[in-house]
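Quick notes on the structure that follows.
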Amino acid sequence: MQVSRRQFFKICGAGLSGSSIALMGYSPTSALAEVRSYKLAHATETRNMCPYCSVSCGVLIYTTGDKSKNAKADIIHIEGDPDNPVNRGTLCPKGAGLLDMVKSPNRLKFPEVREPGSNEWKRISWDDALTRIAKHMKADRDANFIEKNKDGVTVNRWNTFGFLASSAANNETGYISHKVLRSLGAVAFDTQARI
Amino acid sequence: MIRNPKDLQRYNAEERANHWLVGICFILLALSGLAFFHPAFYPLTQLFGGGVWARILHPIIGALMMIAFVVMFFRFRALNQMTAADKEWLSRVGEMIDGNDHNMPEQGKYNGGQKAMFWAMSLCMLLLFVSGILLWRAYFSFPVDVVRLGAVVHAAIAAIMIAMIFVHVYAALWVRGTVRAMVYGTVTRAWAKQHHRAWYRQVTGKS
Amino acid sequence: MTNHWVDIKNADLIMVMGGNAAEAHPCGFKWVIEAKKDRKAKLVVVDPRFTRSAAVSDFYAPVRAGSDIAFLGGVINYLLTNDKIHHDYVKNYTNASFLINPDFKFEDGLFSGYNPEKRSYDKATWGYQMETVKGGDSFAKVDPTLQDPNCAFQLLKKHYSRYTPDMVSKVTGTPKESFLKICEMIAETAAPDKTMTICYALGWTQHSVGSQNIRTMAIIQTLLGNMGMAGGGINALRGHANVQGITDMCLYSENLPGYISAPTDADVDRKTYLEKRTPKPLRPNQMNFPQNFPKWFTSLQKAWYGNAATDKNDYGYEWLPKRDGAYDVLAIFERMHQGKMNGFVCQGFNPLASVSNKKKVGDALAKLKYLVVIDPLVTDTSEFWKNHGELNEVDASKIPTEVFRLPADCFAEDTGSFTNSGRVIQWHWKAADGPGESKGDIEIIATLFQKLKAMYAKDGGKLPDPILNLSWPHRIPTKPSSAELLMEISGKALGDVFDPKDKTKVIAKAGEQLAGFAQLRDDGSTSCGNWIYGGCWSQAGNLTARRDNSDPSGLGQTLLWGFAWPANRRIIYNRASCDLSGKPWDPKRTVIRWTGTAWAGNDIPDMRPDAAPDENVMPFIMTPEGVARLFAPGMADGPFSEHYEPFETPLDKNPFSPNNPKALNNPAARVYKGDMEVFGKAKDFPYVATTYRLVEHFHFWTKHSKLNAILQPEQFVEIGEELAKEKGIANGDRVKVRSNRGFIKAVAVVSKRIATLTIDGKKTHTVGIPIHWGFKGVTKPGFITNTLTPYVGDANSQTPEFKAFLVNIEKA
Amino acid sequence: MALQSLDIARRSATTTPAPGVRQTTEVAKLIDVSTCIGCKACQVACMEWNDIRDEVGSCTGVYDNPVDLSAKSWTVMRFAEVEEKGKLEWLIRKDGCMHCADPGCLKACPAPGAIIQYANGIVDFHQENCIGCGYCVTGCPFNIPRISKEDSKAYKCSLCSDRVAVGQAPACAKACPTGAIQFGSKEQMKDYAGKRVADLKSRGYDKAGLYDPPGVGGTHVMYVLHHADRPELYKGLPNDPGISPLVSLWKGIAKPVATVAMAAVALGSLFHYVMKGPNEVSKELEDEMEKEDAK
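Note that the protein sequences, when read in sequence, are chains A, B, C and D. To convert, note that position 68 of the first sequence is 68 in our numbering; the numbers rise steadily by one, no gaps. To convert, note that position 131 of the second sequence is 131 in our numbering; the numbers rise steadily by one, no gaps. To convert, note that position 809 of the third sequence is 809 in our numbering; the numbers rise steadily by one, no gaps. To convert, note that position 249 of the fourth sequence is 249 in our numbering; the numbers rise steadily by one, no gaps.
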């Protein structure tokens with residue numbers, strides 16, 4: 001009986017006194033208060049531009065790796081370019097969210113075709129896709145190219161084929177697309193800028 | 001300790017188990033609760049596997065204790081009705097504490113102090129339970145002001161409760177021969193006759 | 001933009017109308033806030049909705065969608081009747097004093113020369129009175145006193161005198177006091193040292209009177225003397241990051257790169273073609289810069305056909321296709337709908353979502369033999385054939401179109417240049433490879449072209465010459481680099497180029513990059529893919545990649561950052577920022593000035609550098625008159641603007657010409673058969689609808705970006721409290737919005753921000769419809785809002801009328 | 001700023017002072033509500049930088065999305081359409097942690113080192129030390145911390161302590177397209193706010209002012225308001241906030257008092273025992289029973 005009383009006493013006492021805690025083998029952890037480590041410390045920075053509106057804000061794209069051969073660059077963060085005189089580092093909700101557009105689950109990864117009447121996509125190779133498209137275009141052009149109009153004036157146009165151009169593509173894309181289109185005789189083309 | 005077949009049965013096995021279930025729960029709750037109450041006690045969370053486990057276990061143990069306590073409450077409620085003698089006893093509790101119990105009025109199974117303790121604990125348990133529910137964020141969500149009030153009530157009542165349990169435990173230790181009632185279930189006739197004479201008479205039929 | 005983004009900070013008053021800069025161009029809008037903070041500038045917003053631009057404005061007024069000309073015409077009237085114009089500027093720098101053909105008339109809502117069958121004008125009477133001077137030159141007659149009843153100024157005054165404040169309020173629904181308050185604020189900037197800038201966007205262009213909306217504002221800015229000034233100008237806040245650049249590359253039928261008007265059937269040969277496009281000056285001593293047209297065109301031909309372009313074959317003039325009519329996007333889909341097209345390529349363009357009347361577009365696509373979609377993302381267009389329930393009710397098995405979907409790299413995976421709205425060309429660098437097998441746009445087009453070229457080389461076919469002779473000087477023919485292409489665009493000397501003043505002096509040696517378009521020649525010795533970009537990659541290297549953002553003038557010109565076309569000029573018409581003697585109207589904001597020997601200052605002068613003020617060379621050098629046009633005969637629908645109702649209007653007559661049903665809507669706008677019939681009438685569709693963007697999304701693009709989907713997850717429409725009450729619609733209810741072309745369902749946002757307007761005595765409600773949802777994306781799926789919109793465009797630009805049409809609304 | 005920002009001023013559930021000899025610059029973020037267009041760039045920049053993505057929710061008839069702060073939305077815009085003097089105003093407030101000088105969360109937190117106040121004023125949550133009790137929620141007068149349903153840890157704006165630590169501005173402040181969010185030393189921010197308030201007064205907002213509530217010792221995120229006399233117009237920004245008296249009671253005086261009281265009872269018992277001795281059964285009764293047994 002005496003023994004059990006002492007045990008009781010001890011347990012109760014332990015709950016009361018901080019000093020006895022050390023005796024019981026516990027000591028407060030010296031939890032270090034560290035901020036989350038800076039995630040861009042060794043990322044590669046590339047200067048680019050937001051593709052959305054025509055403010056064309058400068059952005060800094062951060063990728064993993066240092067461009068060494070075996071380290072695949074993966075985009076991990078995008079923020080405003082403070083040097084750009086227009087946006088001065090700021091971004092709007094669209095620009096600030098560019099990462100999720102670049103990394104969207106809805107990015108296309110390989111060429112696909114949907115055959116006439118089919119209800120599904122089928123993966124094909126680039127070469128197949130472009131060869132099939134080129135064949136379609138040539139057949140169409142050769143069949144419907146208008147060399148002269150009804151007044152006998154040389155017009156050299158192909159208007160059964162159309163093209164809509166992006167307003168978010170580079171100038172160089174726009175230029176080469178235009179050059180190719182007119183060389184084919186295409187006239188039915190327009191750009192997002194119309195709208 | 002020498003067992004005597006004539007020792008009086010004070011608590012049966014179920015009652016003892018019930019009591020200790022509540023008691024163990026309470027100890028665990030007090031340890032984990034104190035850990036959250038004051039930084040000095042925080043290391044007690046290690047007993048439970050760290051702060052997160054302590055936070056997870058505390059309300060679960062609390063709920064368990066509440067269930068066990070409710071059973072116990074109904075078990076002992078009838079025996080804890082206050083009588084005139086209890087009030088008389090309570091009014092003279094100072095003498096008792098002073099170590100002079102010779103003139104204390106004759107007591108039944110429980111004295112006025114124990115009964116007062118029973119009701120106080122019941123009230124505290126209820127308050128702890130209700131305020132505890134308010135704080136149990138894993139499953140409940142209440143307006144922040146109610147939660148704040150809950151936290152104050154929970155902490156205050158818990159402190160009171162812990163103090164009362166100290167008194168409860170100390171009283172058991174102080175009054176020699178008491179602890180065995182909750183450990184073995186029996187007390188000596190002498191103990192019964194000295195501390196709970198009316199009960200002694202009732203169970204033995206002697207004067 | 002005649003000015004540029006940062007220049008907005010130099011304004012004293014910023015007007016946001018026909019746009020919502022805070023939401024559509026937040027980072028550009030920063031300069032509005034800067035003007036407010038640093039110059040104590042005021043911001044005025046006029047919009048059918050209390051937008052987020054309005055939230056930070058000093059004054060807001062509501063206006064009915066589709067009534068902007070009535071509002072702005074009223075401003076012109078206010079400025080003229082209260083004599084709040086910049087007199088010296090108007091007299092000298094505009095065609096106010098020019099005498100107009102006395103046969104020019106405006107009667108009952110129509111200008112002289114209207115042909116109702118063709119829905120177009122014969123502009124014969126819209127010209128200047130001409131006189132032949134000694135030496136045989138023919139010049140326009142002027143009356144410097146501005147008193148001649150046939151001078152442009154008097155005609156202008158007369159035309160807009162009908163736009164009284166009461167009329168304005170009646171037509172636009174803008175409270176008269178609000179209108180007058182705005183007029184007063186605008187009028188203050190008539191002072192020579194005060195400027196107003198206007199930030200507009202698709203809220204003005206997407207109307208059947210889009211171009212005239214902008215022209216009306218241009219008249220105001222000219223009357224106030226705000227053109228060419230720092231903090232002034234007409235600033236179109238354009239759409240995509242490179243919408244300016246792609247417009248400059250002229251990816252559309254009417255023009256060749258650099259806004260060189262493309263040949264039509266009437267241009268039977270190169271000589272005819274050039275003559276029509278090379279104007280003579282209309283006033284003595286004017287620069288008449290378009291006189292250089294043959295140099296630009298010839299250099300383009302050399303860029304395209306290289307050595308195959310010689311003076312013997314008219315530099316390949318015959319190889320250029322001749323246009324026989326309109327091929328704008330509405331015309332293309334009309335042709336497709338009629339079954340006149342077989343193949344179609346969508347390069348980063350989602351027409352099913354972004355062209356009017358989705359049903360018609362979808363039906364048209366289903367008539368194609370093959371469709372090619374090149375895009376980084378899964379577009380709605382690429383799945384036009386797939387059933388998406390009521391969002392896209394089609395039967396795939398009945399659609400015979402073969403659809404190819406090719407993955408393109410996006411901006412981050414690409415090197416090249418973009419041109420921002422302020423005409424600044426900026427270079428950007430690739431950061432990482434695209435996902436999977438994606439390829440760059442250039443590589444896709446180049447590889448496709450190489451395949452076609454090989455087929456024509458091997459098998460022959462119709463007119464293979466332009467294909468086989470197309471200049472393709474790229475190191476990797478299937479993968480031309482952006483650098484190679486920008487050098488070609490900028491221009492190079494094919495032979496030695498000599499100084500025109502000193503024929504012995506070589507200014508560019510054969511093979512060198514040219515310094516600018518001034519060095520272009522029409523004898524085949526230079527090549528230039530786009531003359532206005534001339535000099536952006538000079539012998540000094542790639543100027544678009546310059547990153548020196550120093551701003552010594554404090555005006556935000558940053559002349560060493562990138563390269564602005566033309567000639568790195570940041571503010572166009574900047575000669576007009578000075579008086580006749582060459583002193584700046586506002587010396588505190590000097591853009592350029594005459595130093596006594598040359599024009600110089602904080603910008604590239606928009607003037608011959610040595611043109612002394614007494615030579616009387618006027619600032620608007622791109623016009624043969626040398627001055628700005630208050631009276632503009634080039635417009636399809638009138639030399640002055642006139643209020644016409646949208647094609648779907650809540651009114652049954654035009655309040656400005658109530659007796660002429662022909663003048664209800666823009667009489668010169670093109671409407672196709674079948675489309676006129678599905679215009680809704682006010683009795684069935686009583687509410688004015690307008691579509692728009694939200695700041696949280698970008699068109700149909702960010703619905704694929706989770707971060708943006710989180711910000712605006714679900715399609716909604718906005719209505720005012722009064723309409724909600726009438727229709728028993730509570731905030732957050734699902735509603736169905738119908739036009740005569742289809743319906744959409746969305747959540748109702750009931751707001752105080754959409755005012756109920758009183759138009760012509762009647763209560764008129766507006767339904768606001770944000771556009772960003774579709775059946776593909778990481779947002780909640782939604783309806784394509786262009787299901788609702790009418791298939792009609794502006795008379796000049798054919799930009800569809802997305803901003804004003806009629807709908808009905810009910811609880812879904 | 002720089003690395004000194006790692007100096008700790010206060011640590012939750014820690015009774016001894018942190019090293020406090022070095023004096024570092026106090027930083028602050030100023031949100032100028034009068035130039036805020038509610039574009040939510042700050043929300044995106046915050047999510048993007050901190051690698052969190054909230055749920056794609058639904059439209060509830062307002063522009064507020066996400067509709068409330070969450071463990072994955074540390075800042076949200078709150079939109080209020082208010083009519084003042086017959087004029088419609090669309091008041092848009094960026095809500096998020098105020099980084100109080102006297103942080104209620106830190107005061108309430110029972111887990112040592114789960115909440116840290118840096119010497120530069122940033123109040124940061126360290127989830128590895130967080131036990132998920134939610135006391136910080138009760139401590140906060142601004143209703144900011146949120147407990148994640150996924151890991152039961154408390155989250156809120158960190159004022160991008162990781163960026164500030166290397167000398168950069170918080171992601172939201174950097175992104176803000178109109179400059180409605182400014183970042184710098186608290187001193188600079190107060191000066192700048194003074195200019196903005198003067199500008200607003202010149203535009204007819206007589207009651208414009210700075211919101212830097214003294215009830216929480218001032219904050220390291222402050223607002224410029226057009227109607228500083230009625231912060232509640234801005235979707236319930238509290239007027240004169242302070243740590244709830246209940247929390248002050250609970251985490252203030254109650255802690256020592258209760259600890260002392262419990263200790264007193266325990267020690268009282270001990271001394272009672274020592275002084276009075278045990279309450280034994282009397283010898284007479286023991287004997288009586290023994291006699292009884294002997295019968």
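Glycine residues also receive a C-beta, built at the ideal position from the N, C-alpha and C atoms. Just so we're clear, the structure is a prediction, and the values are computed from it rather than from any experiment.
Tell me, to the nearest whole angstrom, how far the beta carbon of residue i is from that of residue j; I am working on the premise that it is less than 8 Å.
i: S739 of chain C; j: L788 of chain C; result: 4 Å
i: L452 of chain C; j: I467 of chain C; result: 6 Å
i: A610 of chain C; j: A600 of chain C; result: The sequence given here places Asp at residue 610 of chain C; Ala does not occur at that position. Actually they do not touch by this definition, with Cβ atoms about 11 Å apart.
i: A154 of chain D; j: G139 of chain D; result: 11 Å between Cβ atoms; not a contact.
Pick out whichever of the options has its Cα sitting closest to the Cα of residue i.
i: R3 of chain B; options: B:V152, B:A198, B:R201 and B:A181; result: B:A181
i: A620 of chain C; options: C:P613, C:M607 and C:F631; result: The sequence given here has Phe at residue 620 of chain C, not Ala. Selected option, being the one with the closest Cα: C:M607.
i: V52 of chain B; options: B:A138, B:V169, B:L79 and B:K115; result: B:A138
i: V187 of chain A; options: A:I146, A:T63 and A:D74; result: A:I146
i: W537 of chain C; options: C:Q347, C:S482 and C:S169; result: C:S482
i: D124 of chain D; options: D:S161, D:D7 and D:A101; result: D:S161
i: Y163 of chain C; options: C:H643, C:F698 and C:K776; result: C:H643
i: T44 of chain A; options: A:R114, A:P51, A:E172 and A:A71; result: A:A71
i: R405 of chain C; options: C:T766, C:T379 and C:G777; result: C:T379
Residue i touches chain E at which residues, Cβ-Cβ below 8 Å?
i: C53 of chain A; result: This model lacks chain E altogether; the protein chains it does include are A, B, C and D.
Chain B contacts made by the stretch 234-254 of chain D, where a contact means CB separation under 7 Å: S244, L246, V247, L249, W250 and A254
Enumerated in chain order, which unbroken segments of the beta strand (DSSP E) with a length of 3 residues or greater are wholly contained in the stretch 322-394 of chain C? 343-347 and 370-375
Could you check whether the stretch 211-231 of chain C touches the stretch 89-104 of chain C, counting it as contact only if at least three pairs of C-beta atoms, one from each stretch, sit closer than 8 Å? yes
Would you call the stretch 118-125 of chain C in contact with the stretch 659-670 of chain C, where contact means no fewer than 3 C-beta pairs closer than 8 Å? yes
Where the stretch 163-185 of chain B meets chain D: residues whose CB sits under 7 Å from a CB there: A163, F166, V167, Y170, W174, V175, R176 and G177
Could I get the ranges of all uninterrupted alpha helix (DSSP H) runs contained in the stretch 93-137 of chain A, with 4 residues as the minimum, in chain order? Counting whole runs of 4 or more residues, the stretch 93-137 of chain A contains the alpha helix (DSSP H) stretches 93-96 and 98-102.
Three or more C-beta pairs below 8 Å linking the stretch 542-555 of chain C and the stretch 165-185 of chain B: No, because fewer than three Cβ pairs between the stretch 542-555 of chain C and the stretch 165-185 of chain B fall closer than 8 Å, the two stretches do not touch.
What residues in the stretch 1-30 of chain C have a beta carbon less than 8 Å from any beta carbon of chain D? Cβ contacts with chain D: A22, E23, P26, C27, F29 and K30.
With 9 Å as the limit, tell me which residues of the stretch 92-105 of chain D have their beta carbon closer than that to any beta carbon of chain B; keep them in chain order. none
Assess, as a yes-or-no matter, whether the stretch 83-94 of chain D is touched by the stretch 24-38 of chain D under the definition of 3 or more beta carbon pairs within less than 8 Å. yes
Is the stretch 694-708 of chain C touching the stretch 311-327 of chain C in the sense that three or more CB pairs, one from each, lie closer than 8 Å? Output reads no: the stretch 694-708 of chain C does not touch the stretch 311-327 of chain C.
Report the residue ranges of all beta strand (DSSP E) runs contained in full by the stretch 502-533 of chain C; include only those spanning at least 3 residues, in chain order. 506-508
Could you check whether the stretch 800-810 of chain C touches the stretch 647-656 of chain C, counting it as contact only if at least three pairs of C-beta atoms, one from each stretch, sit closer than 8 Å? yes
Are at least three pairs of beta-carbons, each pair with one atom in the stretch 55-63 of chain A and one in the stretch 407-425 of chain C, less than 8 Å apart? yes
Residues in the stretch 710-738 of chain C having any Cβ partner in chain D nearer than 9 Å: I710, L711, Q712, P713, E714, Q715, F716, A730, N731, G732 and D733
The stretch 21-30 of chain C in contact with the stretch 53-63 of chain C per 3-pair CB rule at 8 Å: yes
Would you list, in sequence order, the uninterrupted beta strand (DSSP E) runs of no fewer than 3 residues that lie entirely inside the stretch 93-138 of chain B? none
Kindly provide the ranges of any alpha helix (DSSP H) runs that are 4 or more residues long and lie completely inside the stretch 436-461 of chain C, ordered along the chain. Contiguous alpha helix (DSSP H) elements confined to the stretch 436-461 of chain C occur at 441-459, taking only those with 4 or more residues.
Near-chain D residues of the stretch 95-124 of chain B - C-beta to any C-beta below 8 Å: Of all residues in the stretch 95-124 of chain B, only I97, D98, G99 and D101 place a beta-carbon less than 8 Å from a beta-carbon of chain D.
Beta carbons nearer than 7 Å to chain C: which residues of the stretch 58-81 of chain A have them? I61, T63, A73, D74 and I75
Mind listing which residues of the stretch 50-71 of chain C have their C-beta closer than 8 Å to chain D's C-betas, in chain order? F50, R52, S53, A54, A55, V56, D58 and Y60
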